[in-house]
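Residue numbers (my numbering), protein chains in the order written: chain B, 598 to 744; chain A, 101 to 598.
Even for Gly, the Cβ is constructed at its ideal location relative to N, Cα and C.
Okay, structure first, notes after.
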Amino acid sequence: MNSQQTVSIVMIEDDLGHARLIEKNIRRAGISNDINHFTDGTTALEYLFDDPSGPAHGGPALVLLDLNLPDMSGTSILEKIKQDDELHRTPVVVLTTTDDTVEIQRCYDLGCNVYITKPVNYESFADAIRQLGLFLSVIQVPSADDQ
Amino acid sequence: MPEAVRQRYENIGRRRVLYLLGVGFGLLAVAIIAAIVTLGSISEDTDEVELVLERQAAIDSLATYSEQISAGRRGFLLQPDPAFARTVREASTDFETEQARLVDLLVTREQRERLDQIKTLNAQRTVLIDAMFSDPDEAFDEARDLDFNEDTGVLITQGIRQIAEEMSVFEAEELVRRNRAQLDSLKLFYVVGGIALLLLLGVLISAVLVVLRYNRELSAAQIGLRDANLGLEKAVQNRTAELMRANEEIQRFAYIVSHDLRSPLVNVLGFTAELDEARKIIHAHLEDLYEANPKLRDEATWLAVDEDLPEALGFIRSSTEKMDRLINSILELSRQGRRKLQPERLDMEELAQNIADSIHQTAEDAGATVEVKSIPELESDRIAVEQILQNLIENAIKYSSPDRAGEIIIEGSQAVGTVRIDVIDNGRGIAPEDQERIFELFRRAGTQDREGEGLGLANVRALAYRLGGTIEVESELDRGSRFRLSLPANFVAQEALA
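Written as structure tokens, this is what we have:
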């Protein structure tokens, strides 16, 4: 698998601690893909839509999205991604503390691929991230084939 | 206050109307009495007038008969025709009759005296006439020589005529007097009647005015009352809306706070785990190191890694987990608070029995029995009522007394518009000073030997309030408790009303 075809992970998460924990657990799960971390919605959107090496211009990617961001709601980012012609196939994993069923429903309605609640219990959290790792390894193959 | 105002107006109006009616009746009575009195005096006058006329007629007849007697006598003296004698006798009889009638008719002394004079004169004349009839020849002789103007009979007749005229004049005067009296009575009647009528009319008009004014004041008071009621309704609506806004605000606040608090907790727990991972690596490394080089062994370092760090990390973890549970509880409460209540008809006995069945195993393990007695039906939100009862029954099982088998009874009763559901146990009871505390969030009572966050009864009370009801406890330490849930028999969701 060459670097062009490698799926890069776009992590949009304002809490640095969460970001670090997610990254650590992804690495522990044996996933070595690049991780681009953004702490606010604006710069994340800029990267997603405008960056030359960004997903809008051909780089296969997976978006890890937190819903509680300082400058905008995660759901509006999700909406933008899923309504864009280039980006709508990009898998989006919503990873947030909200376990409100209405919110989860809304994310699925908007086209979110996976919804993971951040459990406070660390073991569960690590488990969830590891499963995400499995998910990543699965989607890698079709993404590469698409290219 | 508006009731008092209405009462006052009614009293004033009623008093005035009654007063005026009383005056009206009084005046009417006066008018009627005046009319009766004046009419009585009028008819009395009329009777008197009739009597006077009758007396006049009688006097006239008497005078006429007297003239007839006189004429008959003179005729007989000129020509002794038996016809004249008959005329004289007939006239005499009529005269006597009329005279007797007049005795009864006359009332005044003067008239009676006059009549007596006439009587006397007539008696003298009768003597003359009787003499004339018994000895006509001598009578003729005497009459031939006698001057007509000196004839006793003629003089008597003239006297009678004169007296009769006097009597007639007297009666005529009496007639005038009576007529005037009659007229005066009539005048009095008109005056009294007119005044009474005018007064009556005045009373009537003022009564109508008072009633009209009273009605106007009453309707003004009613309008005021209606305005006040409307204002009150609006005030209540505003207050309800305010309360609901405040409640929503609290719910939202609880939701946001609990969410935002969870985020840092994820970090605390996450990095605690990371720390522990790191400690394990150091621990393993030290173990290997010390085993290989026992000389390097430092007891303080080993204790720090082997005991102090795990202990500290354990406390951080357990405290954080507890905090997470508390936050989850608040989140749960706020979530329930935001749930829309849907009232429906509930068969409470069935509902309670279902709960009892669902926790049958728990009850059996605790050696407790749950008995459902009769409970009236009610209209409320099924899930909320189920949660309340479930909590209460679970508590009753959970806090049973270690000295005896738990007996839990669920029974209901009905009051006006309210259904009461009692959950009675023979458990360990609640001390009086704790009976209010147990309903507060995160507060618990008695020996802390059972699991729990102090959430159940707080939730029960919040739900009971939302359902428009109350929850109360009566308990004696080591004897048992009775939790009484009072719910409106027909719950109407406030959200639906607003």
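query: Partner residues on chain A for B/Arg612, Cβ-Cβ distance less than 9 Å; result: Rather than Arg, the amino acid found at residue 612 of chain B in this sequence is Asp. By Cβ distance, chain A contributes Ser363, Pro364, Val366, Asn367.
query: Members of the stretch 685-716 of chain B that neighbour chain A once the beta carbon cut-off is set at 7 Å; result: Thr694, Thr695, Lys715
query: Bridge-paired residues (DSSP) for A/Phe289; result: The partner list for A/Phe289 (beta bridge, DSSP) is empty, contrary to what the question assumes.
query: Per-residue burial, A/Ser234 [other beta carbons within 10 Å of its own, 16 or more giving buried]; result: exposed
query: Chain-ordered chain B contacts of A/Phe353 [CB-CB under 7 Å]; result: None at all; the shortest Cβ gap to chain B is about 15 Å.
query: Test: B/Leu666 CB closer than 7 Å to a CB of chain A; result: no
query: Of the residues A/Ile459, A/Val560, A/Leu585, the one placed nearest A/Ala515, counting alpha carbons only; result: A/Leu585
query: A/Leu587 in three-state terms, based on DSSP; result: strand
query: Neighbourhood of A/Val472 by C-beta, 7 Å cutoff - its chain only, sequence neighbours within 5 removed; result: Glu449, Ala452, Gln453, Ala456, Ile510
query: A/Ala463, DSSP secondary structure in three states; result: helix
query: Whole-number beta carbon distance between A/His359 and B/Thr672, since they are thought to touch under 8 Å; result: The pair is not a contact, with the Cβ atoms about 15 Å apart (cut-off 8 Å).
query: 7 Å Cβ cutoff met for A/Ala74 and A/Met232; result: Outside the shown range of chain A, which is 101 to 598, sits residue 74 of chain A, and nothing can be said about it.
query: B/His615: contacting residues in chain A (beta-carbon distance under 8 Å); result: Ser363, Val366, Asn367, Gly370
query: Between the CA atoms of A/Ile295 and A/Arg214 - distance to the nearest angstrom; result: 46 Å
query: Cut-off 6 Å between Cβ atoms - residues of its own chain near A/Arg155, not counting five sequence neighbours on either side; result: Leu205, Glu271
query: Which of helix, strand or coil DSSP assigns to B/His634; result: strand
query: Sufficient close CB pairs (3 or more, under 8 Å) joining the stretch 429-438 of chain A to the stretch 347-357 of chain A; result: yes
query: A/His359: contacting residues in chain B (beta-carbon distance under 8 Å); result: Asn665, Thr694, Thr695
query: Limits of the alpha helix (DSSP H) - the one that A/Asp408 falls within; result: Run containing A/Asp408: none; DSSP gives neither H nor E here.
query: Three or more C-beta pairs below 8 Å linking the stretch 526-535 of chain A and the stretch 576-585 of chain A; result: yes
query: B/Cys704 vs B/Val691 beta-carbon contact at 7 Å; result: yes
query: DSSP state of B/Thr672 mapped onto helix, strand, coil; result: helix
query: Inter-residue spacing [alpha-carbon to alpha-carbon] between B/Ala741 and B/Pro688; result: The predicted position of B/Ala741 is uncertain, since its pLDDT is 41 and thus under 50; a value taken from the coordinates is nonetheless stated next. Answer to the nearest angstrom: the Cα atoms are 14 Å apart.
query: Cβ-heavy atom distance, A/Asp481 to the ligand HEM, below 6 Å; result: With respect to the ligand HEM, the structure shown offers nothing to examine, as it has no ligands at all.
query: A/His383 versus A/Glu377: straight-line alpha-carbon distance, rounded; result: 10 Å
query: Cβ distance (whole Å) where B/Gly638 is taken to contact B/Ile674 below 8 Å; result: 5 Å
query: Beta-carbon separation (whole angstroms), A/Leu127 vs A/Leu300, contact threshold 8 Å; result: 5 Å
query: Best match in B/Leu645, B/Arg624, B/Ser605, B/Glu610 for proximity to B/Asp682 [C-alpha to C-alpha]; result: B/Leu645
query: Per-residue DSSP class, three states only, for A/Tyr499; result: coil
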